[in-house]
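Read the structure below first, then the notes.
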Amino acid sequence: MDALSSAGSRPARGRLGALSSGAQAPAAPWARFSAWLECVCVVTFDLEVGQALELVYPSDFRLTDKEKSSICYLSFPDSHSGCLGDTQFSFRIRQCGGQRSPWPTDDRHYDSGAPVSLQKESSHYFGYVYFRQVKDSSMKRGYFQKSLVLVSRLPFVRLFQALLGLIAPEFFDKLAPCLEAVCNEIDQWPAPEPGQTLNLPVVGVVLQVHVPSKVDKPDCSPLKQCGHKNLLPTPLVLSSVHELDLFRCFQPVLTQVQTLWELMLLGEPLVVLAPSPTVSSEMVLALTSCVQPLKFCCDYRPYFTVHDSEFKEFTTRTQAPPNVVLGVTNPFFIKTLQHWPHILRIGEPKLSGGLPKQVKLKKPSRLKTLDTKPGLYTAYTAHLHRDKALLKRLLGGLQKRRPPGALAALLRTHLLELTQSFVIPLKSVTPWKAPPQIRPFHQDDFLRSLDHAGPQLTCILKGDWLGLYRRFFKSPHFDGWYRQRRKEMVRKLEALHLEAICEANIETWMKDKSEVEVVDLVLKLREKLVRAQGHQFPVREETLHRAQLNIEMVIGSLPKDLQAVLCPR
Numbered sequence: 001m002d003a004l005s006s007a008g009s010r011p012a013r014g015r016l017g018a019l020s021s022g023a024q025a026p027a028a029p030w031a032r033f034s035a036w037l038e039c040v041c042v043v044t045f046d047l048e049v050g051q052a053l054e055l056v057y058p059s060d061f062r063l064t065d066k067e068k069s070s071i072c073y074l075s076f077p078d079s080h081s082g083c084l085g086d087t088q089f090s091f092r093i094r095q096c097g098g099q100r101s102p103w104p105t106d107d108r109h110y111d112s113g114a115p116v117s118l119q120k121e122s123s124h125y126f127g128y129v130y131f132r133q134v135k136d137s138s139m140k141r142g143y144f145q146k147s148l149v150l151v152s153r154l155p156f157v158r159l160f161q162a163l164l165g166l167i168a169p170e171f172f173d174k175l176a177p178c179l180e181a182v183c184n185e186i187d188q189w190p191a192p193e194p195g196q197t198l199n200l201p202v203v204g205v206v207l208q209v210h211v212p213s214k215v216d217k218p219d220c221s222p223l224k225q226c227g228h229k230n231l232l233p234t235p236l237v238l239s240s241v242h243e244l245d246l247f248r249c250f251q252p253v254l255t256q257v258q259t260l261w262e263l264m265l266l267g268e269p270l271v272v273l274a275p276s277p278t279v280s281s282e283m284v285l286a287l288t289s290c291v292q293p294l295k296f297c298c299d300y301r302p303y304f305t306v307h308d309s310e311f312k313e314f315t316t317r318t319q320a321p322p323n324v325v326l327g328v329t330n331p332f333f334i335k336t337l338q339h340w341p342h343i344l345r346i347g348e349p350k351l352s353g354g355l356p357k358q359v360k361l362k363k364p365s366r367l368k369t370l371d372t373k374p375g376l377y378t379a380y381t382a383h384l385h386r387d388k389a390l391l392k393r394l395l396g397g398l399q400k401r402r403p404p405g406a407l408a409a410l411l412r413t414h415l416l417e418l419t420q421s422f423v424i425p426l427k428s429v430t431p432w433k434a435p436p437q438i439r440p441f442h443q444d445d446f447l448r449s450l451d452h453a454g455p456q457l458t459c460i461l462k463g464d465w466l467g468l469y470r471r472f473f474k475s476p477h478f479d480g481w482y483r484q485r486r487k488e489m490v491r492k493l494e495a496l497h498l499e500a501i502c503e504a505n506i507e508t509w510m511k512d513k514s515e516v517e518v519v520d521l522v523l524k525l526r527e528k529l530v531r532a533q534g535h536q537f538p539v540r541e542e543t544l545h546r547a548q549l550n551i552e553m554v555i556g557s558l559p560k561d562l563q564a565v566l567c568p569r
């Protein structure tokens, strides 16, 4: 299927799929590149075999045949989209098998500081696509058709879209040599460090980005033009590495945002039928992001086709629809997925000013396999009342021509506050009663507590909050939230335990202890120290230093033979 990806292992950076003569293999090849990307793919249209993987770079990154097939089919808009010119969109595919990169990276440092919703994917790849289709009389089909695809485990859609916007036009003009140069530039970037503002040079431009941290305030962007005041060229500042313009994405569904937020919160199966892969992928990503700061724990596919390897799994009628959000462009899915409980049909985007026609709630029975009109086809009844004041402010802002960024910020803030109001009462649910015993969660006790500590304290919306919580407890998102909450509590407990040991008078404790107990303390302290140094739980540098001194002091108090066992030379 691909011409160069099957080339032999390349121990040093050189020409695409070729070895650099006399080059020595670096200690960690592509270490910085792989902190951001897995690989870069070029997909072209072959008259005999259809979409074909023309190139994978670096050439020794291993993709399975199933992954190659998925990337090929998902990198081209299907025939129903009619995309001419340049088109950007994204997809998400399931990894097949374990880690296959010859330059494995340790994600623990990044993941320990990143918000849960922005941690690296462990079992999926994101594909960020720049597709070009233009008339070309020299081609047999009369068209030039090619896609440049960035494959990553980071959900940084804004950053990678901006990066593609810079490198793809250059690539289509200069082809392989340009791609090699770009990959070498990315291999010089600093690693994504949560909480840091980074300057990322590529093709003569410097992208300045802030990598979000779990301690950032979620309702504000800390990015400012900072550092390198004399940096040339002047950096291109991205306000976010991951946030899409929610107002632009949700324009056709503003009147249904409340209902869609509830469906996402509950992890309900949803099909988004859109006119193009761009609209499809942006709508799915916007929907899955609207429950932040909660992590979206269900599967989602921003762009999905009939050729996808999971097609049969997602379309079977022998079991209930899976908890997946699917973005599609082929009307064939209306017939295939008629049994799904929620289908959102979006019309062509409005090119002129003003708000596009809003989709309406429609009964699933009104679905037609052909010429289905825009609408949200569902039997679901929202638990909360619609926020009419928000809609009025958004429409008013549009009529007054307020900056699009301001309207997007207003909508994002509303959804963030709505989710936070829902989550705040849950934060009183702690997995630990008294360490290390786990306190079971009792739904009835929690629901009774809402009378005096419920979301009504922070949210003006009225409605059936109790009913919404009851459905939420049955969803994958409650299980995901509870697991994450427990994990955070365990890490915090371990950190507090290590600090307590370091602050205690160990010499006094040792006076009446046997050698077995003292050696056990050394082994446990060492284990905790290794875990803390590996960022598995948060402690101060001062604590780590004191723990090391305590270990040395305790070992020094033991007989020489035991010291030799614990500290072999």
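Here full-length UniProt numbering is used: the first residue of the sequence shown is 1, the next is one more, and so on.
Note that beta-carbon positions come from the ideal geometry of N, C-alpha and C, so glycine has one too.
- Per DSSP, residue 249 is one residue of the alpha helix (DSSP H) stretching across 246-250.
- If you look at residue 177, you'll find it isn't in any beta strand (DSSP E); it sits in the alpha helix (DSSP H) that goes 176-186.
- Here residue 359 is near residue 344, since their CB atoms are less than 9 Å apart.
- Inter-residue distance for residue 52 and residue 125 is about 19 Å (C-alpha atoms, whole angstroms).
- About 5 Å separates the CB atoms of residue 295 and residue 117; that is less than 8 Å, so the two are in contact.
- Following the DSSP letters along the chain, one finds residue 348 in no alpha helix (DSSP H), marked with neither H nor E.
- DSSP links residue 199 through a beta bridge to 208.
- The C-beta of residue 154 has 16 or more other C-beta atoms within 10 Å across all chains shown, which makes the residue buried.
- With a beta-carbon spacing of about 4 Å, residue 96 and residue 64 fall inside the 8 Å limit used to define contacts.
- Within 10 angstroms of the beta-carbon of residue 350 lie fewer than 16 other beta-carbons, which makes it exposed.
- In this structure, the beta-carbon distance from residue 246 to residue 395 does not fall below 9 Å.
- Inter-segment contact for the stretch 288-304 and the stretch 493-506 is absent: fewer than three beta-carbon pairs are separated by less than 8 Å.
- Put simply, the backbone Cα of residue 550 is about 58 Å away from that of residue 278.
- Taking C-alpha positions only, residue 248 is separated from residue 320 by approximately 33 Å.
- With fewer than 16 other Cβ atoms inside 10 Å of its own Cβ, residue 403 counts as exposed.
- With distances taken between CA atoms, residue 134 lies nearest to 169 out of 169, 251 and 416.
- Here the alpha carbon of residue 364 sits roughly 7 Å from the alpha carbon of residue 379.
- Taken through DSSP and simplified to helix, strand or coil, residue 129 comes out as strand.
- DSSP places residue 301 inside the beta strand (DSSP E), whose first and last residues are 299-301.
- Excluding its 5 nearest sequence neighbours in each direction, residue 372 has C-beta neighbours in its own chain below 6 Å: 334 and 345, listed in chain order.
- By the C-beta density criterion, residue 37 is buried, having at least 16 other C-beta atoms within 10 angstroms.
- Straight across, the Cα-Cα distance linking residue 342 with residue 271 is about 7 Å.
- Contact between the stretch 455-471 and the stretch 413-423 is present: 3 or more CB-CB pairs across the two stretches fall below 8 Å.
- Exclusion of the five residues before and after residue 213 leaves 113, 194 and 195 as the residues of its chain whose Cβ lies within less than 6 Å of its Cβ.
- Here residue 124 carries a strand assignment [DSSP, helix/strand/coil].
- Collapsing the DSSP output to three states places residue 290 in coil.
- Per DSSP, the beta bridge partners of residue 143 are 135.
- In this structure, the straight-line span from the alpha carbon of residue 487 to that of residue 115 is close to 14 Å.
- In the DSSP assignment, residue 83 falls outside any alpha helix (DSSP H), carrying neither H nor E.
- Within its own chain, the residues whose Cβ lies closer than 7 Å to the Cβ of residue 300, once the five positions on either side in sequence are excluded, are 92, 284, 288, 324 and 325, listed in chain order.
- The C-beta separation of residue 407 from residue 397 comes to about 5 Å, placing the pair in contact by the 8 Å criterion.
- Between the alpha carbons of residue 563 and residue 484 lies a distance of about 40 Å.
- Short of 6 Å from the beta carbon of residue 506, and not among the five residues preceding or following it, lie these beta carbons of its own chain, in chain order: 550.
- Residue 560 carries a helical assignment under DSSP once its states are collapsed to helix, strand and coil.
- With fewer than 16 other CB atoms across the displayed protein chains lying within 10 angstroms of its CB, residue 139 is exposed.
- With respect to the 9 Å criterion, residue 384 and residue 256 are not classified as neighbours on the basis of their beta carbons.
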